[in-house]
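Trainee: At position 193 of the sequence shown the residue is numbered 192 (numbering that gives the first Met the number 0), and the sequence of numbers has no breaks.
Ideal Cβ placement from N, Cα and C applies to all residues, glycine included.
For clarity, every value in this text was computed on a predicted model and none was experimentally measured.
Quick one: this structure, given as structure tokens, is what I'll be asking you about.
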Amino acid sequence: MAAKRKGTPAVFLDRDGTINRQVGYCNHPSRLRLYRFTAAAIRKLNRKRIPVVVITNQSGVGRGYFPENALQETHERMTDLLGKSRARIDGIYYCPHAPAAGGEGCRCRKPGTGMIRKAARDLGLDLRRSYVVGDSPSDILMGKRAGTRTVLVLTGYGRGERDFRRAGWEVEPDHITRNLGTAVDWILADRDKRGITE
Ligand SMILES: [Mg+2]
Ligand SMILES: [Zn+2]
0 MAAKRKGTPA
10 VFLDRDGTIN
20 RQVGYCNHPS
30 RLRLYRFTAA
40 AIRKLNRKRI
50 PVVVITNQSG
60 VGRGYFPENA
70 LQETHERMTD
80 LLGKSRARID
90 GIYYCPHAPA
100 AGGEGCRCRK
110 PGTGMIRKAA
120 RDLGLDLRRS
130 YVVGDSPSDI
140 LMGKRAGTRT
150 VLVLTGYGRG
160 ERDFRRAGWE
170 VEPDHITRNL
180 GTAVDWILAD
190 RDKRGITE
């Protein structure tokens, strides 16, 4: 009998600085700019039927910088732009909360694992055989806590993090690479090495 599977292995993507340009608070849909390699990278995952899920902190909502419906419109725009290049995202999870000042925060904000665990439950995903890609230590820490492998990209905050703040990282990523395009190539090769074929 085949080993019991816990779900489908997936790839979780941070949004700002990973999929689209880091612009501080992306407080209007018109400010979203996809990187030129993003659609092709996601399409590669789509072709292999690997679920692609966006996990993003959007504390600008909780801080009152923009309303939640502007965030939803930004995500519609992202989905539309990707769709024009025949790339598809299987889910978007966001944390709209501001970080708590000293007190109890929400469970969803990265590096908390609330969003990624909810996505895994909703979509039937196996975190142990999944990957997280992001440009910040909070992405990497979330992925480690959730049991995934992790990739830091050098777009967005990534290059500065690697060059100036690495000594302070709580955990090292499994891999560091130029951008989402090269991250997906590494993930596909690493899945092959591990015998992940789903
Ligand atoms: Mg980011
Ligand atoms: Zn939250």
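#1: In the DSSP assignment, the alpha helix (DSSP H) including Thr181 goes from what residue to what residue?
#2: Note down, in chain order, each residue of its chain lying with its Cβ closer than 6 Å to the Cβ of Gly6, except the 5 sequence neighbours on either side.
#3: Nearest-angstrom Cα distance between His74 and Leu187?
#4: Under 8 Å: does the beta carbon of Thr37 sit that close to some heavy atom of ligand 1?
#5: So Thr17 and Gly113 are supposed to be a Cβ contact under 8 Å. How far apart are they, rounded?
#6: For Ser129, does the count of other Cβ atoms within 10 angstroms reach 16, so buried, or fall short, so exposed?
#7: For Tyr34, tell me which candidate among Arg14, Glu72, Lys43, Gly23 has the shortest Cα-Cα distance.
#8: Do three or more CB pairs link the region 37-44 to the region 149-169 at distances below 8 Å?
#9: What's the gap between the Cα of Leu31 and the Cα of Arg20?
Mentor: In this structure, then:
#1: Counting along the chain, the alpha helix (DSSP H) containing Thr181 begins and ends at 179-193.
#2: Counting only Cβ-Cβ distances below 6 Å, and skipping sequence neighbours, we find Gly123, Leu124, Asp125.
#3: Answer to the nearest angstrom: the Cα atoms are 26 Å apart.
#4: Of the heavy atoms belonging to ligand 1, none sits nearer than 8 Å to the Cβ of Thr37.
#5: Wrong, their Cβ atoms sit about 19 Å apart, outside the cutoff.
#6: By the neighbour-count definition (other C-beta atoms within 10 Å, threshold 16), Ser129 is a buried residue.
#7: The candidate whose alpha carbon is nearest that of Tyr34 is Arg14.
#8: Touching, no, given that fewer than three Cβ pairs across the two stretches are closer than 8 Å.
#9: In a straight line, the C-alpha of Leu31 is about 7 Å away from that of Arg20.
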